[in-house]
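Taking it in order: structure first as structure tokens, then the write-up.
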Amino acid sequence: MNLISEAAPLHFAINPSLFSSSSNSLTLSSMARSVPFVSTIFVFLLLLLATEMGPRMVAEARTCESQSHRFKGPCVSDTNCASVCRTERFSGGHCRGFRRRCFCTKHC
Numbered sequence: 001m002n003l004i005s006e007a008a009p010l011h012f013a014i015n016p017s018l019f020s021s022s023s024n025s026l027t028l029s030s031m032a033r034s035v036p037f038v039s040t041i042f043v044f045l046l047l048l049l050a051t052e053m054g055p056r057m058v059a060e061a062r063t064c065e066s067q068s069h070r071f072k073g074p075c076v077s078d079t080n081c082a083s084v085c086r087t088e089r090f091s092g093g094h095c096r097g098f099r100r101r102c103f104c105t106k107h108c
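Numbering (the UniProt record's numbering), first residue to last: 1 to 108.
Written as structure tokens, this is what we have:
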């Protein structure tokens with residue numbers, strides 16, 4: 001008993017308007033224009049959601065600066081500057097400017 005030979009033939013109708021060139025090209029051209037638009041909107045929404053979902057930033061404390069009174073010579077090392085500034089009761093320091101001066105920093 002062969003199942004393939006005994007199967008009933010299938011019959012179905014094809015709508016000829018599906019293959020007309022005018023409606024098919026109109027559908028394809030409108031789809032081709034909408035894909036970049038939809039993609040752009042999707043990327044925009046992702047960026048918007050990504051910025052909203054990030055951690056909330058607390059307003060940062062202001063940082064006050066003052067030129068070091070104990071640092072001598074040109075400032076070439078931020079680490080050395082920060083070390084001297086900590087002896088002056090500042091939280092840190094960095095070299096700054098054309099003349100390379102040591103400026104101490106603290107939260108104010």
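Ideal Cβ positions, reconstructed from N, Cα and C, are used throughout, including at glycine.
Remember, predicted model here, so these are calculated numbers, not experimental data.
The three-state secondary structure of phenylalanine 37, taken from DSSP, is helix. Per DSSP, reduced to three states, the secondary structure at phenylalanine 103 is strand. Counting the other CB atoms within 10 Å of its CB gives alanine 82 a total of 16 or more, which places it among the buried residues. Exclusion of the five residues before and after arginine 62 leaves Cys108 as the residues of its chain whose Cβ lies within less than 6 angstroms of its Cβ.
Inclusion of phenylalanine 37 and serine 66 in the CB contact set at 9 angstroms is not warranted, their separation being larger than that value.
A direct Cα-Cα distance of roughly 46 angstroms separates glutamate 60 from arginine 33. About 7 angstroms separates the beta carbon of glycine 93 from that of valine 84, a gap short enough to meet the 8 angstroms contact definition. Under DSSP, serine 66 takes part in a beta bridge, and its partners are Cys104. For the options Val76, Arg86, Thr87 and Phe90, the alpha carbon positioned closest to that of phenylalanine 98 is the one of Val76. Rounded to whole angstroms, the gap between the alpha carbons of threonine 105 and phenylalanine 71 is 14 angstroms.
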